[in-house]
Amino acid sequence: MKFLESGKQWPIGVALAILGVVGLGTWTIIETGKADMQESDAYMTSYQDADANANKLIKQRIAFDKAYRLKFASDKISQTGGDVKYTLTTKDGKAVSGAKMLLEISRPETEIYTKRFKNPKFKNGVYVFENIAFPKAGVWNLLLKVDVDGKSRFYAIKTDTRITNDKSIQEASQY
1 MKFLESGKQW PIGVALAILG VVGLGTWTII ETGKADMQES DAYMTSYQDA DANANKLIKQ
61 RIAFDKAYRL KFASDKISQT GGDVKYTLTT KDGKAVSGAK MLLEISRPET EIYTKRFKNP
121 KFKNGVYVFE NIAFPKAGVW NLLLKVDVDG KSRFYAIKTD TRITNDKSIQ EASQY
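Right, dumping it as structure tokens:
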């Protein structure tokens, strides 16, 4: 009874609580450090670079959109493969040749299936990435980077290879 009456239990209790909080905080930091971390690749660069150059990326997109019209031109996306097509025209409808394009296909939440394709063929005013097969059925991200005459733009589409008439593809084609 003397211990309870002496008032020593409060300092000991507070010290144990502080020690417990510090211990759990340390454990949390160690465990999260072990987890797989995937950097954002929204602009085909690291998150830090995209954040540092955000204004530049926005200005490039505005300049690109003032001069050109980019449109997704594929009829459908299929897991078994097919052509992924884009049209690039001036605002008055003239096809633009000589643009550098880089297409990245990826799955949401993982980088395991990410693939990049460059140098599409230019046929009849359409840029064609030929025989693009998706390794797995399901949802895919298509991210296109276009560079032409010092202007650049990123064009992202989300699609699902399990859906025959994917509405998002049809909507992207109308842009």
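In UniProt numbering, the protein residues as written are 1 to 175.
Glycine is no exception: its CB is placed at the ideal position from the N, C-alpha and C atoms.
These numbers were taken from a predicted model, which means no experiment stands behind them.
Proximity test, residue i beta-carbon vs the ligand ZN heavy atom, cut-off 7 Å
i: I12; result: As for the ligand ZN, it is missing from this structure, which has no ligand bound.
Environment of residue i [buried if 16+ CB atoms lie within 10 Å]
i: R116; result: exposed
i: A15; result: exposed
i: I62; result: exposed
i: K136; result: exposed
Through-space distance from residue j to residue i, alpha-carbon basis
i: R162; j: L144; result: 21 Å
i: E104; j: W27; result: 37 Å
i: Y47; j: G13; result: 44 Å
i: S87; j: A73; result: Inspection of the sequence shows that residue 87 is occupied by Thr rather than by Ser. When rounded, the distance between both Cα atoms is 6 Å.
i: I132; j: I77; result: 9 Å
i: A52; j: L142; result: 24 Å
i: S106; j: L70; result: 21 Å
i: G98; j: D75; result: 23 Å
i: G25; j: A67; result: 53 Å
i: residue 176; j: A42; result: Because residue 176 is not part of the residues shown, which for the chain are 1 to 175, the question remains open.
i: A95; j: Y155; result: 18 Å
i: D92; j: T45; result: 32 Å
i: Y113; j: D149; result: 32 Å
i: A82; j: E130; result: Here the sequence assigns Gly to residue 82, which means Ala is not the residue at that position. Computed Cα separation, rounded: 6 Å.
i: V139; j: K118; result: 22 Å
i: V126; j: K85; result: 7 Å
CB contact check: residue i to chain D, cutoff 8 Å
i: Q60; result: No chain D appears in the structure shown, which is made up of a single protein chain.
Identified DSSP bridge partners for residue i
i: A156; result: L143
i: K123; result: V126
As assigned by DSSP and simplified to three states, the class of residue i
i: A15; result: helix
i: K151; result: strand
i: G20; result: helix
i: K2; result: helix
Original post:
Taking the runs of the beta strand (DSSP E) that are 3 residues or longer, which of them lie wholly in the region 22-72?
Top reply: 68-72
**OP:** Let me know the beta strand (DSSP E) ranges lying completely inside the region 68-122, each 3 residues or longer, listed in chain order.
**Re:** Complete beta strand (DSSP E) runs here, min 3: 68-72, 84-90, 100-107, 110-118.
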